[in-house]
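In this note's numbering, the protein residues as written are 7 to 186. Glycine included, each C-beta is placed from N, C-alpha and C at the ideal position. Computed from a predicted structure; not experimentally measured. Accompanying notes for the structure given below.
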């Protein structure tokens with residue numbers, strides 16, 4: 007099920023009665039979430055094809071230029087994240103940790119993105135995340151004072167977009183430091 011829509015039914019059968027136990031049921035539940043995501047993506051792809059939109063394979067290939075090199079340098083300074091709920095981290099890249107002076111393990115173990123936001127701006131950032139996840143805008147874009155592990159403050163710019171990942175609403179985005 008995806009919302010109120012049935013995507014498919016899977017029936018497990020075995021010649022031996024009682025072959026499938028609790029462990030098998032848990033494995034099927036985990037597998038079903040992935041299958042639902044695949045089916046949903048297949049439906050979206052089919053809809054895209056019906057609308058006659060270009061698939062990524064039809065885009066022109068770019069030749070390397072100095073601008074492309076400059077652009078890739080800019081991308082290398084981005085912290086990438088996936089958050090859910092109240093800013094809880096699902097994923098961060100090592101650069102995101104580096105921006106705030108944490109090790110990767112330390113940052114991913116923080117309860118929330120809010121812990122790297124200056125204390126006086128946490129409510130503001132929390133409201134923006136909550137509004138985005140609740141559908142009051144699909145994207146985030148704002149700047150805020152960040153708080154590093156050592157307590158120092160830095161200005162950061164954040165961008166994110168709400169999407170579904172394994173059936174749950176998340177925000178996937180990038181963050182960069184504005185000043186050094």
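Closest to residue i by C-alpha separation, out of the options, would be which residue?
| i | options | result |
| --- | --- | --- |
| residue 120 | 113, 109, 133, 93 | 93 |
| residue 83 | 101, 135, 90 | 101 |
| residue 124 | 37, 143, 157, 163 | 157 |
| residue 170 | 148, 147, 140 | 140 |
Could you compute how far the alpha carbon of residue i sits from the alpha carbon of residue j?
| i | j | result |
| --- | --- | --- |
| residue 107 | residue 160 | 11 Å |
| residue 183 | residue 55 | 39 Å |
| residue 132 | residue 28 | 39 Å |
| residue 185 | residue 149 | 12 Å |
| residue 174 | residue 136 | 14 Å |
| residue 122 | residue 144 | 23 Å |
| residue 33 | residue 142 | 35 Å |
| residue 134 | residue 97 | 19 Å |
State the DSSP-derived secondary structure class of residue i, mapped to helix, strand or coil.
| i | result |
| --- | --- |
| residue 167 | strand |
| residue 101 | helix |
| residue 74 | In this predicted model, residue 74 has a pLDDT of only 49, less than 50, meaning its place in the structure is not dependable enough to derive any value. |
Among residues of its own chain, excluding the 5 on either side of residue i, which ones have a beta-carbon nearer than 7 Å to its beta-carbon?
| i | result |
| --- | --- |
| residue 77 | Low local confidence applies: a pLDDT of 48 at residue 77 is under 50, so the model's placement there is unreliable, with the coordinate-based value given in what follows. So no residue of the chain qualifies. |
| residue 154 | 106, 107, 160 |
| residue 109 | 103 |
Write down the C-beta distance between residue i and residue j rounded to the nearest angstrom, noting that I regard them as a contact closer than 8 Å.
| i | j | result |
| --- | --- | --- |
| residue 116 | residue 130 | Actually they do not touch by this definition, with Cβ atoms about 19 Å apart. |
| residue 99 | residue 86 | 4 Å |
| residue 89 | residue 177 | 5 Å |
| residue 3 | residue 152 | The displayed coordinates of the chain run from 7 to 186. Any statement about residue 3 would go beyond what the structure contains. |
What does a CB cutoff of less than 6 Å around residue i pick up in its chain, not counting 5 residues either side in sequence?
| i | result |
| --- | --- |
| residue 181 | 85, 162, 164 |
Is any beta-carbon of chain D found at less than 8 Å from that of residue i?
| i | result |
| --- | --- |
| residue 90 | Going by chain labels, chain D is absent from the structure shown, which holds only one protein chain. |
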